[in-house]
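**Q** So that we are looking at the same thing, I have put the structure below in structure tokens.
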Amino acid sequence: TMNDQKVPLREIATIDYHTGPAFIYREGNSRYIGVGFNIEGRDLGSTIADAKKQIERDVKLSKSYKVVWAGEFESKERATKQLMNVVPISLILILLLLYANFGNVKDTLISSLTLAFAFIGGFISLWITGTTFGISAGIGFIILFGVATIDGIVLIGIMKENLLNKMRLKPAIYEAVKSRIRPILMIALMGAMGLLPAALSNGMGSEIQKPLAIMIVGGLIICMILSFSVLPIVFYFAYKKENRD
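6 is the number of the first residue of the sequence shown in the numbering used here; add one for each residue after it.
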């Protein structure tokens, strides 16, 4: 004190020993405690969704505390938002390229049916395998759209070429399908066989590559089947009035 007297600390404070954190982490002027975990055997999105439900049900926090989902999940959410912009832009660019190739709306719309076939095939493959749609599956969709567009351009292009060569409508369609079935089948099978190991994988990291592989493998096969079965029928009815057999 000012009088040079010593005051024991026990007289002005209560001293106890407690175990506390070795480090205090801060981010954005706020303290935080990081909790991390690894995922194996399921996708990130469904895991976080289940974890959120359980924490909301079992953990009660005061107003001064909050739970923030960061790390890979935060990156995934940010990438998903970007993907929501990329997919529509990709579709618009594909439609513009189809129109530039065919030069008319009718053939553009007929050829763009392969995009719908790819969409259907991709989601059927995810549904059959019980895979959740995520960022990697979305990237697989963009790849699948590109391959499906090639199928449409090839088939419609050969059909139109046969009509220009004075062939009747039905023979023109039949010859186009007959002549293109082998190369399109080889493209689909080579792509599917190349990604089949990734589609069947279950090890660490498979939650990233597996949805993409399943999307492309299933989408290629189903899109090919629909392209050879539905697309010629649509083309026939679209040109039936102009080219009567």
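Every residue gets a Cβ at the ideal spot worked out from N, C-alpha and C, and that includes glycine.
Taking all protein chains shown into account, decide if N34 is buried (16 or more other Cβ within 10 angstroms of its Cβ) or exposed.
**A** Within the sequence shown, residue 34 is the residue found at index 29, counting from 1. That one is exposed.
**Q** Could you tell me how far apart the beta carbons of L201 and V235 are, in whole angstroms, since I believe they sit closer than 8 Å?
**A** Here the question's residue 201 lines up with position 196 in the sequence shown. Here the question's residue 235 lines up with position 230 in the sequence shown. No, L201 and V235 are not in contact; Cβ-Cβ is about 25 Å, not under 8 Å.
**Q** With respect to the alpha helix (DSSP H) encompassing R187, which residues constitute its N-terminal and C-terminal limits?
**A** Here residue 187 refers to the residue found at position 182 when the sequence shown is read from its first residue. Looking at the DSSP string, the run of the alpha helix (DSSP H) that includes R187 is 174–205.
**Q** Flag this pair as touching only if the stretch 107–126 and the stretch 177–197 have three or more C-beta atom pairs under 8 Å; answer yes or no.
**A** Counting Cβ pairs under 8 Å, fewer than three are found: no touch.
**Q** For the ligand ATP, is there a heavy atom less than 6 Å away from the beta-carbon of K71?
**A** The ligand ATP is not among the ligands present in this structure, which contains no ligands whatsoever.
**Q** According to DSSP, is R47 helix, strand or coil?
**A** Along the sequence shown, read from residue 1 onward, the residue named residue 47 stands at position 42. Coil, per DSSP.
**Q** Closer than 7 Å by C-beta to F78: which residues in its own chain qualify, once you throw out the five before and the five after it? Chain order, please.
**A** Sequence index remark: in the sequence shown, residue 78 carries index 73 (1-based). Hits under 7 Å: L49, I53.
**Q** By alpha-carbon positions, which one of R31, M198, E32, A56 ends up nearest to G41?
**A** Residue numbering aside, residue 41 sits at position 36 when the sequence shown is read from its first letter. With distances taken between Cα atoms, G41 lies closest to A56.
**Q** Of the choices G139, L101, F233, F242, whose alpha-carbon is the least far from that of L160?
**A** Along the sequence shown, read from residue 1 onward, the residue named residue 160 stands at position 155. The option with the nearest alpha carbon to L160 is F233.
**Q** Who are the Cβ neighbours of F146 in its own chain at under 7 Å, not counting the five residues just before and after it?
**A** For the purposes of this step, residue 146 is taken as residue 141 along the sequence shown, with counting starting at 1. Cβ within range, chain order: V92, G127, M220.
**Q** Can you check DSSP and say which residues form a bridge with R36?
**A** Here residue 36 corresponds to residue number 31 of the sequence shown, with the count starting at 1. Its beta-bridge partners are R31.
**Q** Just to confirm, are A197 and M229 a CB contact at a threshold of 7 Å?
**A** Here residue 197 corresponds to residue number 192 of the sequence shown, with the count starting at 1. Here residue 229 corresponds to residue number 224 of the sequence shown, with the count starting at 1. Not a contact, by the Cβ cut-off of 7 Å.
**Q** Alpha carbon to alpha carbon, how far is T136 from K71?
**A** As a working note, residue 136 is residue 131 in the sequence shown. As a working note, residue 71 is residue 66 in the sequence shown. If you take the alpha carbons of T136 and K71, they lie about 31 Å apart.
**Q** Quick one: grab the DSSP three-state call for P13.
**A** Position 8 of the sequence shown, counting from 1, holds the residue named residue 13. Note: P13 maps to coil in three-state DSSP.
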